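Numbering (this note's numbering), first residue to last: 28 to 307. Backbone N, C-alpha and C define an ideal beta-carbon position, used for all residues, glycine too. Quantities reported herein were computed from a predicted structural model and do not represent experimental measurements.
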Ligand SMILES: Nc1ncnc2c1ncn2[C@@H]1O[C@H](COP(=O)(O)OP(=O)(O)OP(=O)(O)O)[C@@H](O)[C@H]1O
Ligand SMILES: [Mg+2]
């Protein structure tokens, strides 16, 4: 079966109005319909900047110098309104505060729907369903500014998810979130993915991300340094270490014991490591 490209990033270079050097330096990547793509990379590598190219915020809202092209479902982002792109690509910001503007979480989730012409009643029903599916119905009447970091993140996800975008880009602010919340968000992404959505998830949690993503892209200094399945990528442990990233501990352990163990395929989790140890 041929894979259908939903986002095609072609030779994209970008610098912010205030930056001296290119922040993105020739990014090329295709995102396929229905895949779960994880984006990893050290802080400052350019992940958030790249995400903003996916839905046209760059170059429409953030000025600067943009070269190359991003095609979303075949449409060039330079020639497409951000409002139209936002129907195709839902972006959850790393900084949820920047996204939350209304006086209650329910209104926040309804906002995008009513702006797209849905009636208030319909929007309310859809918003309530979405909040329930995220386990945050109890936050409906709370003002977003009074929420914790993790609650804000989930409210921001709800606002984007309610619009049922084909492509969901989540730029995760893991540092704000406890491990249970991080797992919840990853599980939610998996459920949406299983229901047909294309997921692009930026995270510093490589260990967890590789359990969820079909494919990882490692961004370093504005390049895609590596991309492939987690197992393929982790074969290049040296490169990961050079850019300041850690592999999952079990994968690192197996790599350091390849002389002693029979490692046919690198383990990504404890269960796979146990199987290797049992066979050796
Ligand atoms: N609005 C801005 N104006 C100028 N430079 C910026 C702006 N936003 C980001 N940068 C710079 O662009 C580079 C890439 O930043 P970006 O936020 O894309 O990194 P990141 O990979 O998302 O990092 P993190 O993991 O910390 O979220 C950094 O050097 C950063 O300082
Ligand atoms: Mg970022």
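Practice item. Evaluate residue 291 with the Cβ neighbour count: other Cβ atoms within 10 Å of its Cβ, from every protein chain shown; 16 or more gives buried, anything less gives exposed. Key: exposed
Exercise for review: Assuming residue 238 and residue 168 form a contact by the criterion Cβ under 8 Å, report the distance between their Cβ atoms to the nearest whole angstrom.
Suggested key: The Cβ separation is near 35 Å, so there is no contact.
Check your understanding: Can you name, in chain order, every residue of its own chain whose Cβ lies under 6 Å from the Cβ of residue 154, other than the five neighbours on each side?
Key -> 133, 136, 137, 189
Check your understanding: Taking all protein chains shown into account, do 16 or more other C-beta atoms lie within 10 angstroms of the C-beta of residue 232, making it buried, or fewer, making it exposed?
Key -> buried
Review point. DSSP state of residue 45, grouped into three classes?
Key: coil
Exercise for review: Can you tell me which of the three DSSP states residue 302 falls into?
Suggested key: helix
Exercise for review: Assuming residue 251 and residue 244 form a contact by the criterion Cβ under 8 Å, report the distance between their Cβ atoms to the nearest whole angstrom.
Suggested key: 5 Å
Review point. Does any heavy atom of ligand 2 sit closer than 7 Å to the C-beta of residue 89?
Key: no
Point to revise | Contact set for residue 254: own chain, Cβ-Cβ below 6 Å, skip 5 residues either direction | key: 244
Point to revise | Terminal residues of the beta strand (DSSP E) in which residue 212 lies | key: That residue, residue 212, is in no beta strand (DSSP E); its alpha helix (DSSP H) goes 206 to 221.
Point to revise | Reduced DSSP category for residue 92 - H, G, I as helix; E, B as strand; rest coil | key: strand
Point to revise | Near ligand 1: residue 121 beta-carbon under 7 Å from a heavy atom | key: yes
Exercise for review: Name the one or two DSSP bridge partners that residue 181 has.
Suggested key: In DSSP, residue 181 forms no bridge with anything.
Review point. What residues sit near ligand 1, counting only those whose C-beta is closer than 5 Å to one of its heavy atoms, in chain order?
Key: 43, 45, 46, 50, 70, 71, 72, 73, 74, 75, 76
Exercise for review: Along the beta strand (DSSP E) that carries residue 250, what are the first and last residues, could you check?
Suggested key: 250 to 255
Review point. CA-CA distance, residue 193 and residue 148?
Key: 23 Å
Review point. Cα separation between residue 234 and residue 62?
Key: 19 Å
Exercise for review: Quick one: residues in its chain with C-beta nearer than 8 Å to the C-beta of residue 277, no 5 flanking neighbours on either side, listed in chain order?
Suggested key: Spatial neighbours of residue 277 in its own chain (CB-CB distance under 8 Å, excluding positions within 5 residues in sequence) are listed in chain order as 294, 295, 296, 297, 299, 300.
Review point. Would the beta-carbon of residue 69 fall within 8 Å of that of residue 209?
Key: no
Check your understanding: Quick one: does the C-beta of residue 198 sit closer than 7 Å to a heavy atom of ligand 2?
Key -> yes
Check your understanding: Distance, Cα to Cα, residue 162 vs residue 216?
Key -> One C-alpha to the other measures close to 14 Å.
Review point. Residue 55 to residue 126, Cα distance in whole Å?
Key: 28 Å
**Study point:** Rounded separation between residue 179 and residue 199 - CA only
**Key:** Cα atoms of residue 179 and residue 199: separation of roughly 12 Å, rounded to the nearest angstrom.
Exercise for review: Please list, in chain order, all residues of the same chain as residue 174 whose beta carbon is under 7 Å from its beta carbon, the five residues on each side excluded.
Suggested key: 166, 182
Point to revise | Candidates 186, 256, 207, 60: closest to residue 101 by CA position | key: 60
**Study point:** Expected contact under 8 Å - CB spacing of residue 226 and residue 119 to nearest Å
**Key:** Not confirmed; about 11 Å, so no contact.
Practice item. Starting from the Cα of residue 150, find the closest Cα among 124, 284, 187, 172 and give me that residue. Key: 187
Exercise for review: Can you give me the start and stop residues for the alpha helix (DSSP H) that residue 244 sits inside?
Suggested key: Here residue 244 belongs to no alpha helix (DSSP H); instead the beta strand (DSSP E) covers 242 to 247.
**Study point:** Close beta carbons around residue 131, own chain, < 8 Å, minus the five adjacent residues each side
**Key:** 167, 168, 169, 170, 171
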